[in-house]
Amino acid sequence: MSNTVTASDYPDVESVMPPSVILLVDDEASILSSLKRVLRPKGYTIITAESGAEGLRLLEENAVDLIISDMRMPEMTGAQFLGKAKERYPEVTRILLTGYSEITSTVSAINDGGIYHYLQKPWDEQDLILTIQRALEQQHLKKEAARLNEVVRKQNEELLTFNARLEKQVQARTEEIRQTVMFLENSQAEIKLNFLTMLKVFSNMIELRSGMLGGQSDRVSALCRSLGKKLKIPEIEIQDLAIAGLLHAIGKIGLPDELIRKPQEKMSGEESRIFMTHPVKGHMVLTPVTAFNHVGDLILYQYERYDGRGVPEGIAGDKIPLGARILAVARDFEALRSGAIATLPLPLEKSVQIIKSQSGHRYDPAVVESFIALVNDNDSLLSEKSRDIKSRDLEVGMQLAEDLRTNEGILLIVRDSVISANNIQQIRKFEQLEDTALHISIKILEKDA
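At position 268 of the sequence shown the residue is numbered 260 (our numbering), and the sequence of numbers has no breaks.
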């Protein structure tokens, strides 16, 4: 039997995937039998338990992908069981079956058990199957993102090795190398796009873990790039700076859950000390990637202060890498605007005022001056003209002005991508399935302006 959630649902996933394991928990054997009847033809591996205690035991013994639990059970309710399952196995997706009269208990399960979805009994078979498919697809996408990141890393290593071999043949095979370089330039353009896409996917995963608003790291990266150009630093350093902006919060993955979403002004002294370890952790994560040595340094020194009172080394002035000084301004401006520093998001004028007030203390005066000039510019922080449209008005050949994301901030298509017929079909299908309208912004060409 084949799994409904197959590799064909994902263009880059290998064609063979192990069947997903679903744990069914209900004290009524008839309910378990009905669920097995619906799900087994779909190719899932089904295990069952008639109590919460038995369900917890089976979770210890099996690698479960999804739990479907009834609410009303003796000794341990579904809400209590899912709460314990969340504590011990947070990576397992949880779905609740509930009756019409159990709304209060359902709210408790949502709050305590962190359920992905709930279904009312009697359930609709198509709704049940679709909900399970979506839950498992979400899990598979997270696993696939990690796999693709490793693929990109290996591709880069192979590319570096290939270029090294070419350089050794320059003297003897000049003409052949010229033709090969032309081929490589085209290949590298595609790899660069794929690499940028994977960086953004990885950045998106960091934001999901750290509680940041969707696209926040991308905005930090864009501001870093604009400031780098304003300060006329070399293009190769601007590229590293833009990557550092995307990955500046990578070290937050290792912070405790209760700290990671707390505004900085609400942190105690000890919490602030722990929080300030994330740049060191981020630097350590990137250390094995030689190509990211400079990026890692920018992330490491992003909390150094211009007056020498920062961390981790307390260096001051020009001893702090220029990219780290730029990143500090871009990061804090976005954090002020999103509410990551203060309890509430601050308006543009107030955020700019705070950045300006710390010039010469926390921030490099030259960087602050360039930042103010950018804000005062008519184009401000927007480098291109754009307009918002509905999916029904999309046309092949249009170019995205911003990343296309879900309402939860999940990245779907990266900025600058040219819209294809398949893109349009998938966007409209997503909106129909999710019953939502995506925010779509396209570039305005000169002839359209």
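We put the beta carbon where it would ideally sit given N, CA and C, even for glycine.
Buried or exposed for L122, please, with buried defined as at least 16 other CB atoms from any protein chain shown within 10 angstroms of its CB.
exposed
Could you have a look at L430 and say whether DSSP puts it in helix, strand or coil?
coil
Check the C-beta distance from E42 over to D19 and give it rounded, since I have them as a contact under 8 angstroms.
That pair is a contact at about 5 angstroms.
Taking the beta strand (DSSP E) that H275 belongs to, which residues open and close that run?
Note, H275: premise wrong, no beta strand (DSSP E); alpha helix (DSSP H) at H270 to L278.
Checking the sheet assignment: what are the DSSP bridge partners for D380?
S433
Quick check on T398: does DSSP put it in helix, strand or coil?
Here T398 sits in coil by DSSP.
Give the range of the beta strand (DSSP E) segment to which L15 is assigned.
Taken as a continuous stretch (DSSP letters only), the beta strand (DSSP E) holding L15 covers V13 to V17.
Could you give the uninterrupted runs of the alpha helix (DSSP H) lying entirely in the segment 33 to 82, keeping only those of 4 residues or more?
44 to 53 and 70 to 80
Under 8 angstroms, with one C-beta from each stretch per pair, do the segment 55 to 62 and the segment 13 to 33 reach the 3-pair mark?
yes
Give a yes or no on whether the C-beta atoms belonging to E296 and A327 are separated by under 8 angstroms.
no
With distance defined between alpha-carbon atoms, name the residue in G243, D385 and S330 nearest to R420.
For the residues G243, D385 and S330, the minimum Cα distance to R420 belongs to D385.
Would you decide whether K134 is buried or exposed? Buried here means 16 or more other CB atoms lie within 10 Å of its CB.
exposed
Is the beta carbon of S362 sitting closer than 8 angstroms to the one on L158?
no
Can you tell me whether DSSP reads S409 as helix, strand or coil?
S409: coil per DSSP, three-state reduction.
Where does S260 sit, in a helix, a strand or coil, going by DSSP?
S260: coil per DSSP, three-state reduction.
What three-state label does DSSP hand R86 in the structure shown?
If DSSP states are grouped into helix, strand and coil, R86 belongs with the strands.
On a CA-only basis, which of Q417, D427 and S433 is nearest R379? Give me that one, please.
S433
Could you round the C-beta distance between R443 and V212 to whole angstroms and report it? I think they count as a contact, below 8 angstroms.
Here the chain has residues from -7 to 441 only, and residue 443 is not among them.
With DSSP run on the structure shown, which of helix, strand or coil describes N370?
Residue placement at N370 is flagged as unreliable, the pLDDT there being 49, under the threshold of 50; the coordinate-derived value follows with that caveat. In the structure shown, N370 sits in coil (DSSP, three-state: anything other than H, G, I, E or B).
Would you list the one or two residues that DSSP bridges to H109?
Answer by DSSP bridge pairing, in chain order: I87.
Kindly indicate if chain C contains any beta-carbon less than 8 angstroms away from that of K134.
Note that chain C does not occur in the displayed structure, where there is just one protein chain.
With S343 as the anchor, note down where its alpha helix (DSSP H) starts and where it stops.
L340 to S349
Using a 10 Å radius around the Cβ and a threshold of 16 neighbouring Cβ atoms, would you call K192 buried or exposed?
buried
Excluding five sequence neighbours on each side, which residues of the same chain lie with their C-beta closer than 6 angstroms to the C-beta of T444?
The displayed coordinates of the chain run from -7 to 441. Any statement about residue 444 would go beyond what the structure contains.
Would you say the segment 269 to 277 touches the segment 238 to 252, given that touching needs at least three Cβ pairs under 8 angstroms?
yes
Given that a residue counts as buried once 16 or more other Cβ atoms are within 10 Å of its Cβ, and exposed if not, what is N196?
buried
Could you check whether the segment 424 to 431 touches the segment 232 to 241, counting it as contact only if at least three pairs of C-beta atoms, one from each stretch, sit closer than 8 angstroms?
no
Go ahead and label V287 buried or exposed: buried means 16 or more other beta carbons lie within 10 angstroms of its beta carbon, across all protein chains shown.
buried
What are the start and end residues of the alpha helix (DSSP H) that includes D210?
Q208 to K222
Any idea if L69 is buried or exposed, counting beta-carbon neighbours within 10 angstroms, 16 or more meaning buried?
Checking the displayed sequence, the identity of residue 69 turns out to be Thr instead of Leu. Flag for T69 reads buried.
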